[in-house]
Amino acid sequence: MKEVHHKADEHHGAHKKTYKFGMVIDLDKCTGCGACMVACMAENNVPFRKDNSDRLRSNLWMRVYKISNGRPFPDLDISFIPRPCQHCEGSGHHHTPCVSVCPATATDYSHETGIVSQVYTRCFGCRYCMAACPYHVRVFNWWDPTWPKGMEKYLNPDVSVRMRGVVEKCSFCYHRYQRAKNKAYAEGRRELHENEYQTACTQACPAGAITFGDLKNPEHKVYKLKKSRYAFRLLEKLGTNPKVYYVSTRDWVRKAGDAYAGEEPKGVTHVTHA
Amino acid sequence: MNSASAPFDSALFPEGVKRCKFKWFLFWVAVVHGPLMVGVIAMLMCWGLALNVTYLNNNYPFGLWIAADLGIIALGAGAFFTGFLRYIVNIDELKNIVNYAVVIGVVCYAAAQGILGVDIGQPLRGWFIFWHANVHSMLTEVAFCITCYFSVLCIEYLPLILENRQLNKLGFFHGMAHHLHGAMPTIAAVGVFLSFFHQGSLGGVPGVLYGRPFAYREGFLVWPWTFFLFILSAIACGPCFTILCTWITEKCAGKRLVKRNVIDILAKISGRLLVLYLVLKTLDTVYWVVIAEKVGAPLSSFYANQPFGYWVLITELGILGVIPAIILLNAKARQNENILIIACILNCSGIFMNRWIMTVQALAVPVMSFDKFISYRPNWIEYASTLMFVWLGVVVIMLSYRYLPIFPQEKELNPS
Amino acid sequence: MKLDRRTFIEIIVGLSAGAGGGLMATPVNWKLMDDMTIWSQELWPRYQLGGLKGRLPQQGKVTHADSVCNLCPGGCGITVRKVGDRAIKIEGREGYPVNDGGICPLGAAGLQLLYGPWRIPSPLKRIGKRGSGNFEKISWDEAINEVVQKLGNLRQKGQSHTVACILGSDEGTVPRLFDRFLTAYGSPNFIRTASAEDTYELALGLMQGTTGSVGYDLERANFILSFGSGLIEGWGSPVRVIQAHSTWRSGDLKDRATVVQIEPRLSNTAAKADNWHPINPGTEAALALGLAHVIIKESLYNADFIEKHTFGFEDWSDSSGKTYMGFKRLVRTVYTPEAVSKITGLPAKKILTLARAFAKAKRPLAVWGRGKGTVSGSLYECMAVHALNALTGNINKPGGVSARPQVATRSWPEVERDATAWSGSRRPRIDGAGSNRYPLTRYLPDRWSQVMNGGKAGAIQALLVHEADPYYTTLDSAAVAKAFDAIPFVVSFSTCLDETAYHADLILPNHHYLERWEDIPTPVGLQKPILGMLRPVVSPQFDTRYAGDVLMTIAKSMGGSVASAFPWDDYETLLKETMGDKWGTLEKAGYIVNEGYKPSAWSKAFGTPSGKFEFYITAFDQAGVKIGKDVGYLPHYEPVQPEGNPATYPLILIPTELMRLADSAVGNPPFCTKTLEETELKKNDLFVEVNPKTAADYGLSEGHHAMLETAKGKAKVLVHLFEGIMPGVIGIPKGLGHAAYDDYLAGKGVNANSLIGVVEDPVTGLSAAWGVRAKLTRV
Amino acid sequence: MFPFAFEWVPEATRYVFMGSLYAVLITLIIILHYCAIRAFLDMICKKDDHNSHH
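Top to bottom, those sequences are chains A, B, C and D.
Convert by adding 843 to the 1-based position in the first sequence; the result is the number in this note's numbering.
Convert by adding 836 to the 1-based position in the second sequence; the result is the number in this note's numbering.
Convert by adding 64 to the 1-based position in the third sequence; the result is the number in this note's numbering.
Convert by adding 7 to the 1-based position in the fourth sequence; the result is the number in this note's numbering.
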C-alpha cells in the first residue's frame, strides 16, 4: 500500500522541494532544565491545569524523561532524554505506526517534510494512535482546556487551540515551516535555509543540545551529527525509523535507548525509504 | 403463575406458549433498569464531563471499554456462525436456535457500538470514520464491517418482529417476513462475509501495532496472524455463548426451550474449533516469542510485572482453553448439563481474557526501557457504562422472549 | 383492490419508510450530521474551548521586541514575539552577550506572569486581618497619601530610622532610588535579600582587597571543581552557565573539559559531571583545604603567583618579630588527606587523585556557592575554595576568577540631608550589619527578624519591599512571620500577589518587567561588565506605576529636603539622565557590554593592605573584626553545626534547588510547575528524597506519607527513595509551599525555608546554614 | 468515503475496500427493497390468498 501512496504523492507534487526534517539531541549537553518543554507549551498553546502532577494525563508534547542506570549509591547515574514526537518514517512494509492505524485520516505523514501531522478537527478521539505509538508522544485531552481570564492573550494565533476529546502531539512546529515557506516563496526561493525553520524547543534550548534540520541535506548540521558513532535512536529495532536521533557518550544511556542492546557502538545505519 | 387467567397482553404472545403475569414482567424489567440507569448516568458523565471521569490515561488509551468491545463482539459471533451453519452448511436442526442466536447477536453488536460511542472522546464526530475513512486502518475495517453486519443482523431480526402474532396479521408485514425468510441464505452469506472480516480486523487492531512487540504479529497479506486467530476463537466460542444464554433463559423461564440434541451439535462444533484454535494459538505463541526476541523484547519482559505475570498465559490457554476443549470434545461430558455449562463459561471467559490481554496487557507492557510499568483498573464509571449495554440487552431479550416467536420448540417441549 | 383502513395505513407506512430510506441515500443526512457536530460544540460553554469562544485571540501583525529578563539575577536578553498588541512568546535573544538565544524555563514562561490572574490590578489596601488576603482597591492618590502620612508621622516623631527597605538587589537605578530615599528620609536600613554574593563579595574584599562581585570565566576553564554549586540548576546566570556547560561537553572526547561535583546528593550537575564525590554535607571547606594540602605538598601550585603576589602563604613575622602561621603550615599540618577523609567521608586516595588532576589541569577553576546561590554561606568555606584558585594562580586570568566592576553610569548629586536625615541615618542598622560585632557586613537579611523577635519588636515601624519576597524567601519562616506581625506598616511594590504582598498593608503595584524601562546591571557571576535595558514590550495591562515614580511622588509629597533629593520629573527622565551618553545605545541596542574588559594584571590587582592576594587576612584587624585565634586569619575549616539535637533529630535535611522550580522572589509559573517530575510533586504534596537504606531504617517506602520534623517546624511530605542521596541525608526541594499567588501555585508542598533556621557565621553574621537536623516518621 | 472527498487517493486497496463495502450495501438494499416490493405487491394483488394460508 505504501508504494501506491508514494506514487500518488509524487504525482501531486512532482516539482515540490522535499525535506526530511529531523533532530539530533546531544544528551551529553542536555541538562534536563525543561526549557524545551516550556517553550513548546508556550509556542503551541498547550493548556495547563491547577494540578498537573499526574504525568499519565499531563499534556506534554515535549517530555524530558529522567532515566537512571539503576545502580545503588554512590554509583547511580542519571541522564535526561527529551522526547518530542519521533516523526517515524516507517520502514519496509511498515508505515508510520500511528498514521496507518488512524481510522479517520486525522494523522498523516507528509512526504514533503517528513512530518507526522495531526488534524485536531478531524480526530474523534478513538486513541488508537496512542496505542500504536511506543514512545508515548501522543496525549489525549482528558479535560476541556481552560485559560484563566487574561491568559488567552498570549495564545499563538498560528496554532489552533484543541478541544477536549482529541489527541494531540508535537508537530515539529509545523506552523513555523509554513511561515518560513511562505516567506521563501515570497522572496522567490524554493528552498529554506537551515536557520529559517527551527522548532521552538531547538530555539529555546539553553544548552544547544537540540539540533534541527533536513536529515538528507549534507549541508545541514543534523546530517553530520546523526552519523556520530555515539548516535542512536529510540527503539531502533522496532523499525519505526524515527527522525529524532540522540547522541550520548555514556554506554548505559545508549543501551537504555535500546539502540543495539549489548552491541558495540558503530553508528546508526539509516533506513531509507524507497 | 395462575394459568386460569391469561395476562392482559397475552394476545401479543407467540401462539400456544405461556408467559408470566404482566406485573411480574414489569417488575423484572424495572429491576433491570436499576443498574441500567446507573449506567446511563455514567454515560452522561463521560459525555458531559469528558473522559477524565474514567481511570483511562495516556498510557492506557484503551481500557475496559475496548477490551469489552472486542469480547462482546467475539461472543456475538454465535449469530453469524449459527446462521452460517444453518443456512449455508444446511444443518437443519439449528433452525431451532438460530433465532435466538440472532437476538443475542443484535444485542452484542448494539452493545459494542454503544460502548464505542461512550469511549470516543468526540462521539458526535464518530461518523468521521466513514466520511474520512483511512482504509489502511484496521479500525476502519472494523467499523465498516460492524455497522454493515449490524444492519444485516437487524434485517435478520426484522422477520422475528414481523412474526409477532399481531403484527403478522398485517398483510404487508406478513409478506415481508415471508420474503425475508426466503432471502435469508443470501443475507446470512453477506453476514458471514462481513463477520469474518470484522472478527479478523478486530484481531488486526492489536496485531498491527508493530510499536508494541507484545501485540504485534507478522501475517498474511495485509493481515497479521491475530486476524485469523480472532476469527477462529470467535467462532469457537460464539456457539458456547449461545448455549450459555439459552441455558440462562431456560433457568429464568423455568422451562426447556431448545432440545438437547440442538445444543449438543453446537457444543460439539465449538469443541472441535476450540481445539483447532488452541493448536494454532500455541504455534503463534511460539513464533511470537521468536519475533519479539528479535526486536529486543524477551518473553520474560512481557510477564515481568504483576498483575500480568506468566499466570495470565497459563490461565488463558490452559484453564480457559484446554479444559473446556476437553469437555466439549467428550460426548459424555457434554451430555451432563452442569459440566457443559461450566465448559461454556470457561470458554467464554477465555475469549474475554484473550481480548483483555490483547488490548490492556498489550498497553501495560513497557516498550521503552525507561518506561515505567503502570497498572490500570477500570473505575465504576467504566464498569457501569459497559454493563449498561448488557442490561439493555437483557431487556431486549426479555421483550423478545415474551412477544416474539424465538424458540420454535417451546410449544412442543412445554405442552399445555 | 380494496382500499380499506388497514391497507391505507400500510401504504402510508410503506411510503414514509421508502421516503426515509431514499433520504438516507442522499448527502442531506451527512450535511445534517456535520451541522449537528458543529452546533452541539457551540451549544454549551464547556465545549467552547474552556470559554475561549468569543475571546479567541485575534490575528495581527507579527513583530518582535528585544528586552531583558528580570525574573532572576541572570539578566538574559529576550526577544518577545508579538501579534498586534499582544505578547505571545518569549524567546532568548540571539547574540545577546549573556545567553545568545538560549532561555530557561522560567524566562520562557514569563508571559504567564504578565497575563496571569495573580497580577495586582491597582493599588490595594488591606481591609481584613493581615494575611487574610482581603484587600480593597484604592486610588493611587489615596495610596500615596497613606504612605506619606505614615512615613511623615514617623519622621516627625524622630523615628525615621525605624523605616526599612528590603530589595532583591542594591545595584541599578531603582534600588539606588530606594537607598537614596532612605538617606534623605533618615534611615540606615536598606536591606538586600540573601545570596551567595553576600559572602563572596566579602571574601574577595578580604583576600583581594576589591569591591564588586565575583566573575567566573567559565567558558574558558577546562577543569571545573564545583563545591556544591548547582551549575546547571540555576547557579549564577543560569542560561550562561548551561551554555558554558555545553562548551565543556563539545569537541572530541579527549579534549573536553572535566567537571567534578562535590555534593552529598546526585543533583543534575553531579549527574552530568565527569566525577561526583558525595561528601558529608557542610564539610566542603575541609575538602578544599585537603586538596590544598596535596597541591602544596607535591608543589603543584603556581609558584610564580604564590611567591610574587600573595601574602601569608608561608609563615611570616611582623615588625615586632612575632611569627604568624602561614597558610602552608596550617594546611600541611592539619588537613592531611587522612584527616580530611575522616571529616568528609571521601577516601584519602580520591582526595589525592582529585588534587593532582585539579592542579595539573590547564585552566582549573574552583567554584563556590551552594545550589543556585540563594543562601549566604560560610565565609571561611568560601575563602578555602577561593584559596584553591589562588594556589593555581587562577586569578584574573582567562578561565579564572576575578572581581568584576559594573558598567559606569552617571552619578547623582549628593543628597542634602536635614538634621533628621543625618541623625536617622547614623543610627545603628536594625540588622546589626556594620556594627562592632559585624563590621564588614553590609546587609544581614536573615537577622533583622531575629533581632525584632529578640526583644526589639518596635525596631521596624514601616517596611517597604520592592522586587523581593522576604516573607517567603527568608530562612525560619515562622520567625519572619512573627516579625512581620510586629511591623505596623508594610508596603509592597510587587507586581504579583507574592507572599510579602499578601501580608502587606498596602500594595503599590509596579509595572511588570515587560511593561517598563529599567536598567539591569551585570548578571551574577559574569566576568565582563554588561548593562542591559528593560523596555516596555506591551503597554501596562493594569493600573500600575513605576516603583521609582511612586517613590519619588512620596518623597516630593513629604516636602523639605526629602523632596529636594529627587529633582527629576519622573523615573524615565531619571533613567535617561543617569545613563547619560549611553542612553542612545541602550535604547537602540538594548544593552552595553564592555567586550574588551580584562581584569587587572596581578601586579595591580590587589587592594589589600599588603597589596597582594592575602591568605592571611590582615584586613580583619583594620576593620576591627574580633578574631580569637591565629587560625582565624586563614581560610580554615570550622564546622557549621546544623541546628537541632542529634538525639532528637538523627537525620540531616538539606534543601535542593531545581531548575524547573523558581525559589526566589518570583512564584513558579504554571508551565514550570507542570514540568516537575512525578517524584517531586504529587497533587499538593512534595516529595523528599531519602536513600533507600535510610528509608528502610525508618520503615518508609516509596510514595508514602511521612512527617518531617525539625527544630523549626514540621510538615507532612511524601517519600521518594533515591539512590543518589547520601544515607542519613534528606533532600527537600525549595520553591514550593506558597500560600499566596493562587491555586496554580498556592498550597502545593511545603516551604523548605520554614524548616530551616539561621546559623550565623561567626565573622559575617550571615546565615551559614547549609541544612538542619531532622527526623522523619511514618504517618 | 466517496471519491469526491478530498483525501481520496486512487489506490488499489481503497478500490477493493470501498468496492466490497458498496457491494454489501447494494446487496442489502436490493434484498430489502425486493422483499418490501414483493410484500407490497402480494398485499395489493393477492391479499385474500395470503390470509387463507393461515
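All C-beta atoms in this analysis are idealised placements derived from N, C-alpha and C, irrespective of residue type, glycine included.
Values in this document were obtained by computation on a predicted structure and should not be read as measured data.
Not a single C-beta of chain D is nearer than 9 Å to the C-beta of residue 869 of chain B. Annotation: residue 778 of chain C to residue 1001 of chain A spans about 48 Å, alpha carbon to alpha carbon. Per DSSP, residue 1029 of chain B is not a residue of any beta strand (DSSP E); the alpha helix (DSSP H) it occupies stretches across 1007–1043. Around residue 101 of chain C, the beta-carbon contacts reaching into chain B at under 7 Å are 960, 961. Comparing C-alpha distances from residue 884 of chain A to each of A/1005, A/937, A/1025, A/870 shows the shortest one belongs to A/1005. Of the candidates C/470, C/699, C/610, C/529, the residue whose Cα lies closest to the Cα of residue 592 of chain C is C/470. Chain B places no beta carbon closer than 9 Å to that of residue 447 of chain C, leaving this residue out of the contacts. In the DSSP annotation of this structure, the continuous segment of the alpha helix (DSSP H) that includes residue 217 of chain C starts and ends at 204–220. Residue 537 of chain C counts as buried, since at least 16 other C-beta atoms from the protein chains shown sit within 10 angstroms of its C-beta.
Proximity of residue 1030 of chain B to chain A, defined by a Cβ-Cβ separation below 9 Å, is not satisfied.
Rounded to the nearest angstrom, the gap between the Cα atoms of residue 902 of chain B and residue 1214 of chain B is 12 Å.
With contact defined as three or more Cβ pairs closer than 8 Å, the region 564–578 of chain C and the region 527–536 of chain C are in contact. At a cut-off of 4 residues, not a single continuous stretch assigned as alpha helix (DSSP H) sits fully inside the region 566–617 of chain C. Secondary structure note for residue 992 of chain B: its alpha helix (DSSP H) is the uninterrupted segment 974–998. Rounded to the nearest angstrom, the gap between the Cα atoms of residue 279 of chain C and residue 588 of chain C is 8 Å. A check of alpha carbon separations from residue 865 of chain A across A/1078, A/1025, A/1017, A/1096 identifies A/1017 as the nearest. When 7 Å is used as the limit between beta carbons, residue 1082 of chain B is near no residue of chain A, the shortest such separation being about 34 Å. Between residue 448 of chain C and residue 701 of chain C, the C-beta gap is smaller than 9 Å, which places the two residues in contact. The Cβ-Cβ distance between residue 879 of chain B and residue 1051 of chain B does not fall below 9 Å. From the beta-carbon of residue 179 of chain C, the residues of chain A found nearer than 7 Å are 993, 994, 996, 997.
In this structure residue 727 of chain C is not in contact with residue 640 of chain C, their Cβ atoms being roughly 35 Å apart against a cut-off of 8 Å.
Distances from the alpha-carbon of residue 834 of chain C to those of C/293, C/783, C/606, C/581 put C/293 closest. Taking a Cβ-Cβ cut-off of 7 Å, the neighbours of residue 42 of chain D in chain B comprise 1012, 1015, 1016, 1019, given in sequence order.
Remark: C-beta atoms of residue 1056 of chain A and residue 937 of chain A do not approach each other more closely than 9 Å. Any Cβ of chain D closer than 9 Å to the Cβ of residue 969 of chain B would place that residue at the interface, and such an atom is present.
Take the alpha-carbon of residue 674 of chain C and the one of residue 524 of chain C: they are about 41 Å apart. Under the DSSP assignment, residue 340 of chain C falls in the beta strand (DSSP E) whose first and last residues are 339–341. Among the CB atoms of chain A, one or more fall inside 9 Å of the CB of residue 1047 of chain B. According to DSSP, residue pairing for residue 380 of chain C in a beta bridge involves C/388. Secondary structure of residue 794 of chain C (DSSP, three-state): strand.
Using a Cβ-Cβ cut-off of 9 Å, residue 856 of chain B does not count as an interface residue toward chain D, since no Cβ of chain D sits closer than that to its own. A check of alpha carbon separations from residue 939 of chain A across A/965, A/974, A/923 identifies A/974 as the nearest. In this chain, the beta strand (DSSP E) harbouring residue 716 of chain C covers 715–720. Every beta strand (DSSP E) of 3 residues or more that sits fully in the region 293–354 of chain C is shown, in chain order, as 322–326, 339–341. Assignment of residue 874 of chain A by DSSP, reduced to helix, strand and coil, places it in the coil class. Apart from sequence neighbours up to five positions away, the residues of its chain that approach residue 1002 of chain B with a beta-carbon distance below 8 Å are 847, 848, ordered along the chain.
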